[in-house]
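In what follows, a structure is listed as structure tokens, so that the remarks can point back to it.
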Amino acid sequence: MNWSFLLQLVITILLIVLGANWLLSSFLLDFKRDLTGVALSQQSSISSVRKENETAYYRSILVPTGFPLTTGLGLSLKYKIRNGNFGDVWNAIMEVSKGKNIIKFTGREKSYSLSELNGMAKRIFPKLSNKNFKNIGIANSIATVEGFTLSLASMMTSIRTGSIPHFLPAVPRQRLEDVDVLIIDSWKSFKMLNGSEDWYKLIVVCDDPIESLQFDANCDVITWKELIDGFTKDTEYQYTPPDDNSDDKKLFAYVTSPWNGTNSFNQICLVSNIAEFIKGFPLGNELNSNEYLTISTKLANSSASLQIWGKLFAVLLHGGSASFINPTTIDCESLQETTLLFTETKDVVKLIDSNSRSGLLNKIYLSWATNLLSEGIFTKIARIEPHSLEKLRCVYLADNVKDAEVISTFPEKIPQLKKTNRRITPSTEQLNKIRAQLGSRVVLELYCPYAIMGPVAHTNFYDYRVFGKSVDDNVVCYGTLSTTLEGKMVETETNPHLNIEKKQGMLCIRGFSIGKPVESDRLEKALHLAERFGGGEGWMPLVGVFGLFGQDGCLYIYNQ
Amino acid sequence: MSFIKNLLFGGVKTSEDPTGLTGNGASNTNDSNKGSEPVVAGNFFPRTLSKFNGHDDEKIFIAIRGKVYDCTRGRQFYGPSGPYTNFAGHDASRGLALNSFDLDVIKDWDQPIDPLDDLTKEQIDALDEWQEHFENKYPCIGTLIPEPGVNV
Chain A
1 MNWSFLLQLV ITILLIVLGA NWLLSSFLLD FKRDLTGVAL SQQSSISSVR KENETAYYRS
61 ILVPTGFPLT TGLGLSLKYK IRNGNFGDVW NAIMEVSKGK NIIKFTGREK SYSLSELNGM
121 AKRIFPKLSN KNFKNIGIAN SIATVEGFTL SLASMMTSIR TGSIPHFLPA VPRQRLEDVD
181 VLIIDSWKSF KMLNGSEDWY KLIVVCDDPI ESLQFDANCD VITWKELIDG FTKDTEYQYT
241 PPDDNSDDKK LFAYVTSPWN GTNSFNQICL VSNIAEFIKG FPLGNELNSN EYLTISTKLA
301 NSSASLQIWG KLFAVLLHGG SASFINPTTI DCESLQETTL LFTETKDVVK LIDSNSRSGL
361 LNKIYLSWAT NLLSEGIFTK IARIEPHSLE KLRCVYLADN VKDAEVISTF PEKIPQLKKT
421 NRRITPSTEQ LNKIRAQLGS RVVLELYCPY AIMGPVAHTN FYDYRVFGKS VDDNVVCYGT
481 LSTTLEGKMV ETETNPHLNI EKKQGMLCIR GFSIGKPVES DRLEKALHLA ERFGGGEGWM
541 PLVGVFGLFG QDGCLYIYNQ
Chain B
1 MSFIKNLLFG GVKTSEDPTG LTGNGASNTN DSNKGSEPVV AGNFFPRTLS KFNGHDDEKI
61 FIAIRGKVYD CTRGRQFYGP SGPYTNFAGH DASRGLALNS FDLDVIKDWD QPIDPLDDLT
121 KEQIDALDEW QEHFENKYPC IGTLIPEPGV NV
């Protein structure tokens with residue numbers, strides 16, 4: 001055996017491997033990356049000045065400091081710009097789609113075209129636009145055709161007659177001021193009203209009509225089927241906008257949380273949310289007419305539905321379609337048409353677990369895919385269901401702040417941060433596995449339910465970074481703030497260990513998607529708290545949400 | 001070797017820590033980053049204000065009647081090659097009142113703060129208008145105060 005030959009062979013192989021690695025990492029990988037390292041390390045625009053006990057103001061790089069935040073759709077109003085409202089949105093949706101695109105609801109085999117849904121809503125509208133009705137209480141899921149069309153009709157009244165949709169977490173146990181119409185899901189719910197039906201002028205039951213209905217109520221009771229009786233398909237929604245910017249001040253909806261706090265949301269919240277979602281897509285990956293958005297029904301439950309309208313209307317505005325899916329029955333087969341999926345992490349993890357394949361080849365594919373993703377290169381090679389998930393291009397994972405109830409009560413005493421390394425949210429490594437196995441982008445979104453419309457922050461479409469265990473054990477990366485908001489960290493007396501110099505503290509936000517407390521005592525507490533932490537300049541402290549802004553401009557929230 | 005090693009042994013590339021929590025990676029108070037760290041709002045002496053002229057520091061602060069404004073985004077006007085570059089890092093009150101951009105209406109940092117008590121009504125009105133413009137366009141970030149032993 002010639003030792004020098006063996007040595008030469010080993011050295012040659014080593015040089016080839018080293019050369020290949022150098023070639024790969026220096027040239028090929030750099031050319032294939034979706035986003036450069038520089039772009040990923042500068043995702044926020046940061047103000048040049050800060051106050052002593054707080055950080056600078058942070059906002060998405062898409063809305064640099066000095067430029068306006070996303071406020072709406074930028075429609076033309078003579079020589080000025082107006083933000084628009086639901087009327088403009090639905091008018092444009094009907095124009096774009098000609099009523100052809102569809103929405104599929106839970107519990108129904110049939111898909112409904114927008115012209116049918118529009119026809120139904122317009123048929124319901126006259127009954128709801130009765131001058132005596134103030135607000136329309138909706139205690140029904142938006143994922144049903146009944147709940148959806150009634151919500152649509154209520155939104156139509158909000159811009160025409162001023163009757164505002166009021167999304168409820170359940171049938172109210174105590175009287176809600178100004179709610180004159182109640183929408184419920186069944187006769188069973190109606191029977192459980194126990195005399196509270198007298199609080200309303202009209203009750204709409206989303207159930208089949210029954211003949212021998214025995215009740216002594218002073219209110220009018222009608223079923224959804226009776227309301228839509230005689231509707232015709234309608235491909236138009238005529239809306240003449242006002243010749244001023246008064247839309248911004250008009251209300252879009254009231255939302256009551258399960259802990260009985262009610263917030264009001266303006267039309268500007270809706271349109272800025274739609275615009276924000278559209279802006280989040282990078283060049284070459286914009287929304288298009290082939291879009292099919294699938295939404296988990298859990299996110300469409302009456303008062304929780306606040307978060308779905310922005311995405312849904314944005315997709316419909318581009319001529320796309322949508323469907324609602326029960327998270328318990330989610331499988332690859334049911335996602336065949338889906339291009340965008342909006343759900344919670346646990347549903348996606350369950351989907352992957354029930355479909356992932358073992359075997360050496362699949363392990364190699366997965367290793368290759370996660371590796372490339374961690375280098376910033378997107379690949380579909382490890383997709384669990386190449387056929388069913390072929391169209392899926394982005395998954396939105398909804399993650400809620402730890403204690404939304406505390407945030408909405410505006411407490412005087414700020415809680416202490418209790419750090420933990422238990423994570424409910426997937427780590428960056430797990431997120432990359434999800435990307436690899438679904439063969440789609442994954443955007444992690446942070447929500448503050450019932451208080452803020454749309455996400456507070458979300459990760460970049462192209463951000464596939466994997467952090468070390470020490471980072472993932474401490475914090476969750478939520479990317480940059482929504483383009484409708486700007487944020488800062490503030491010092492709190494109860495958490496002196498959070499160093500404002502290191503950009504750590506409690507998160508405060510301000511912008512165009514924040515709900516306003518309706519009850520006078522909550523409003524007073526909110527204003528007092530805002531004064532304390534933001535000098536009263538419109539800042540909303542997210543009490544109990546502790547985190548930091550990273551060198552990359554991203555928002556990192558402590559695991560707690 | 002990292003890419004091929006990760007490929008063969010199932011690891012992934014981990015990005016630098018951007019949080020500064022672990023002591024490695026990009027620390028959150030990086031010295032190389034000090035230049036771009038936000039300035040703490042509050043009181044400014046003419047001397048501390050003078051370095052924010054868009055040249056020594058990329059930020060541009062201008063004082064008007066004791067209020068300091070962050071005019072960094074008006075760089076094309078107040079930056080090193082802008083028409084009003086003399087105002088950057090200084091008290092611009094007299095210059096704006098007189099509608100003059102010459103150096104002789106601007107005081108150096110070691111001189112007393114201009115009391116503006118010799119301005120006519122027209123000049124005060126002009127200054128009011130300018131101040132309103134600044135209030136609407138640029139964030140007010142602090143107050144200009146005399147430095148003990150210097151601006152006396």
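Residue numbers (UniProt numbering), protein chains in the order written: chain A, 1 to 560; chain B, 1 to 152.
Virtual Cβ for every residue (Gly too), placed ideally from N, Cα, C.
Check: Check whether F461 of chain A and V443 of chain A have beta carbons under 8 Å apart; Outcome: yes
Check: Span separating the alpha-carbon of T65 of chain A from that of E537 of chain A; Outcome: 16 Å
Check: Contact with chain B by Y556 of chain A, beta-carbon distance below 8 Å; Outcome: yes
Check: Members of the region 528-553 of chain A that neighbour chain B once the beta carbon cut-off is set at 9 Å; Outcome: L548, F549, G550, Q551, D552 and G553
Check: Sequence-distant residues of the same chain with beta carbon closer than 8 Å to A382 of chain A, five excluded per side; Outcome: N362, Y365, L366, W368, A369, T370, A436, Q437 and G439
Check: Whole-Å CB distance - Y292 of chain A paired with G310 of chain A, under 8 Å assumed; Outcome: That belief does not hold up - the Cβ atoms of Y292 of chain A and G310 of chain A are roughly 17 Å apart, past 8 Å.
Check: Length of the line joining the Cα atoms of E197 of chain A and L168 of chain A; Outcome: 16 Å
Check: Below-8 Å beta-carbon distance, G149 of chain B vs any chain A residue; Outcome: no
Check: Coil, strand or helix - G538 of chain A by DSSP; Outcome: coil
Check: CB contact flag (P38 of chain B, S47 of chain A, <8 Å); Outcome: yes
Check: Any C-beta of chain A under 8 Å from that of R75 of chain B; Outcome: no
Check: Through-space distance from P148 of chain B to L103 of chain B, alpha-carbon basis; Outcome: 25 Å
Check: G89 of chain B versus F77 of chain B: straight-line alpha-carbon distance, rounded; Outcome: 13 Å
Check: Residue-level contact to chain A via CB, K34 of chain B, 8 Å cutoff; Outcome: Per-residue confidence for K34 of chain B stands at a pLDDT of 43, beneath the threshold of 50, marking its modelled position as unreliable; the derived number appears in the next sentence. Cβ-Cβ to chain A under 8 Å: no for K34 of chain B.
Check: Buried or exposed (CB count within 10 angstroms, at least 16 for buried), residue 628 of chain A; Outcome: Here chain A has residues from 1 to 560 only, and residue 628 of chain A is not among them.
Check: Whether S141 of chain A touches T297 of chain A by CB criterion (8 Å); Outcome: yes
Check: Unbroken alpha helix (DSSP H) run spanning K363 of chain A, endpoints; Outcome: L360 to S374
Check: contact_flag[the region 520-532 of chain A, the region 8-23 of chain A] where n(CB pairs < 8 Å) is 3 or more; Outcome: no
Check: Partners in chain B for residue 562 of chain A, counting only beta-carbon separations shorter than 9 Å; Outcome: What the structure shows of chain A is the stretch from 1 to 560, and residue 562 of chain A is not part of that stretch, so it cannot be assessed.
Check: Test: S60 of chain A CB closer than 8 Å to a CB of chain B; Outcome: no
Check: Listed by chain order, chain A residues near D17 of chain B by CB distance under 8 Å; Outcome: F467, G468, S470 and V471
Check: Three-state secondary structure (DSSP) of Y57 of chain A; Outcome: coil
Check: Cβ contact (3+ pairs, closer than 8 Å) linking the region 92-105 of chain A and the region 317-337 of chain A; Outcome: yes
Check: Classification of E146 of chain A by the beta-carbon crowding that lies within 10 angstroms, buried from 16 upward; Outcome: buried
Check: Contact belief for N355 of chain A with V475 of chain A at Cβ below 8 Å, rounded distance in angstroms; Outcome: Rounded, the Cβ-Cβ distance is 30 Å, inconsistent with contact.
Check: Closer than 8 Å to chain B by CB, V49 of chain A; Outcome: yes
Check: CB-CB length for S484 of chain A against A457 of chain A, believed under 8 Å; Outcome: Reading off the sequence, residue 484 of chain A comes out as Thr, not Ser. Wrong, their Cβ atoms sit about 11 Å apart, outside the cutoff.
Check: Chain-ordered chain A contacts of A41 of chain B [CB-CB under 9 Å]; Outcome: V49, R50, K51 and E52
Check: C-alpha gap between N33 of chain B and G20 of chain B, whole angstroms; Outcome: Low confidence applies here, because N33 of chain B scores a pLDDT of 46, under 50, leaving its location unreliable; read the following figure in that light. Rounded to whole angstroms, N33 of chain B to G20 of chain B spans 13 Å at the Cα level.
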